[in-house]
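First comes the structure, then the notes that go with it.
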Amino acid sequence: MGVKVAAIGDNCIDVYERINRRYPTGNVVDTGVNIQKLGIPVSIISTTGSDANGKWMMESLRKEGVDLSHFKTGEGATAITYMDLNGLDRVHGEYVEGVLEHIVFDEEDVRFAAGHDLVHTALWGKAEAALEKIKAANPDCQISFDYADRLDHALVEQTLPFVDYGFYSCHGEKDEKIRSFLKDKVERGMKIAVATFGEKGSLAYDGERFAEGGIYPAEVINTVGAGDSFIAGFLYEVLHCAPLEKCLDTGARVSARVVSTFNPWED
Numbered sequence: 001m002g003v004k005v006a007a008i009g010d011n012c013i014d015v016y017e018r019i020n021r022r023y024p025t026g027n028v029v030d031t032g033v034n035i036q037k038l039g040i041p042v043s044i045i046s047t048t049g050s051d052a053n054g055k056w057m058m059e060s061l062r063k064e065g066v067d068l069s070h071f072k073t074g075e076g077a078t079a080i081t082y083m084d085l086n087g088l089d090r091v092h093g094e095y096v097e098g099v100l101e102h103i104v105f106d107e108e109d110v111r112f113a114a115g116h117d118l119v120h121t122a123l124w125g126k127a128e129a130a131l132e133k134i135k136a137a138n139p140d141c142q143i144s145f146d147y148a149d150r151l152d153h154a155l156v157e158q159t160l161p162f163v164d165y166g167f168y169s170c171h172g173e174k175d176e177k178i179r180s181f182l183k184d185k186v187e188r189g190m191k192i193a194v195a196t197f198g199e200k201g202s203l204a205y206d207g208e209r210f211a212e213g214g215i216y217p218a219e220v221i222n223t224v225g226a227g228d229s230f231i232a233g234f235l236y237e238v239l240h241c242a243p244l245e246k247c248l249d250t251g252a253r254v255s256a257r258v259v260s261t262f263n264p265w266e267d
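The sequence shown begins at 1 in UniProt numbering and counts up one residue at a time.
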């Protein structure tokens, strides 16, 4: 029997009012769908709204073939992020949380998640309290966490005891400061800590050595989903016990494909 992944956390609709475009998204949704596209079965654990956007979200995810057995519908509005583009730069506007304001991951969600080989979540997924329970239910279940660019966020420390693979988005250089940061996380429990630097590539530490990753050329249409898709490619290779360099390389390859489309999980 092959490996399987659970993505637990947020889902939302990104809306570009000025150019009249929108798409289903969310950090864990984007990562989960891109892992599914690579051939690993994915379950998404979240709550969407009872409105038209929620129905669209469900239909879109169903078409991707992900397991929605623990993807719930709450009474109310689906979360929306209002977006814009300034050239190729994405601009985040108002965020309307909708049913995610009261999202709860119950004991059944924990039990179900713990039955997977790896569980992925993200900074705004509101699933951090479930991580300790998932580890307690199945110590062999690996946990991945996307901390975005909030390297000093309280959850970086709070979740560290339960996270095997940590991902951090950086705006600076691959200098000694970030190397020390990644090394610290692994020395205190992670298996691998990864930093991404956009067009400057990536850096990872596995407890024995650092590895650097490059990028693949791409005609950038929209950078939304770049980090999530990189994580998908990286985790795909991790779950196949690939060398660290191949994990970084596949992450870059998947990310390059995604940023050349407008939506965060189109081929």
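The C-beta atom is built at its ideal place from N, Cα and C for all residues, glycine as well.
Return the CA-CA distance between residue i and residue j, expressed in angstroms with no decimal places.
i, j, result
"residue 102", "residue 46", "11 Å"
"residue 229", "residue 251", "7 Å"
"residue 31", "residue 7", "8 Å"
"residue 4", "residue 42", "6 Å"
"residue 206", "residue 66", "30 Å"
"residue 175", "residue 215", "18 Å"
"residue 218", "residue 15", "24 Å"
"residue 213", "residue 201", "5 Å"
"residue 171", "residue 151", "11 Å"
"residue 122", "residue 21", "25 Å"
"residue 221", "residue 261", "6 Å"
"residue 145", "residue 154", "13 Å"
"residue 180", "residue 197", "16 Å"
Among the residues of its own chain, which have a CB less than 7 Å from the CB of residue i, if the five just before and after it don't count?
i, result
"residue 211", "204, 244, 245 and 248"
"residue 116", "4, 5, 6, 43 and 141"
"residue 90", "83, 222, 223 and 224"
May I ask you to report which of helix, strand or coil DSSP gives residue i?
i, result
"residue 119", "strand"
"residue 58", "helix"
"residue 260", "coil"
"residue 31", "helix"
"residue 159", "coil"
"residue 278", "No answer is possible for residue 278: the residues shown for the chain start at 1 and end at 267."
"residue 234", "helix"
"residue 3", "coil"
Whose C-alpha, out of the options, is nearest the C-alpha of residue i?
i, options, result
"residue 141", "126, 163 and 150", "163"
"residue 242", "147, 192, 25 and 55", "192"
Looking only at its chain, what residues have a beta carbon closer than 6 Å to the beta carbon of residue i, apart from the 5 residues adjacent to it on each side?
i, result
"residue 304", "No answer is possible for residue 304: the residues shown for the chain start at 1 and end at 267."
"residue 70", "45, 109 and 112"
"residue 33", "64 and 265"
"residue 126", "103"
"residue 39", "none"
Say whether chain C places a C-beta atom closer than 8 Å to the C-beta of residue i.
i, result
"residue 96", "The structure shown contains no chain C, having only a single protein chain."
Give me, in chain order, the residues of the same chain whose beta-carbon lies closer than 8 Å to that of residue i; leave out the 5 immediate sequence neighbours on both sides.
i, result
"residue 134", "110, 113, 114, 119, 141, 143 and 162"
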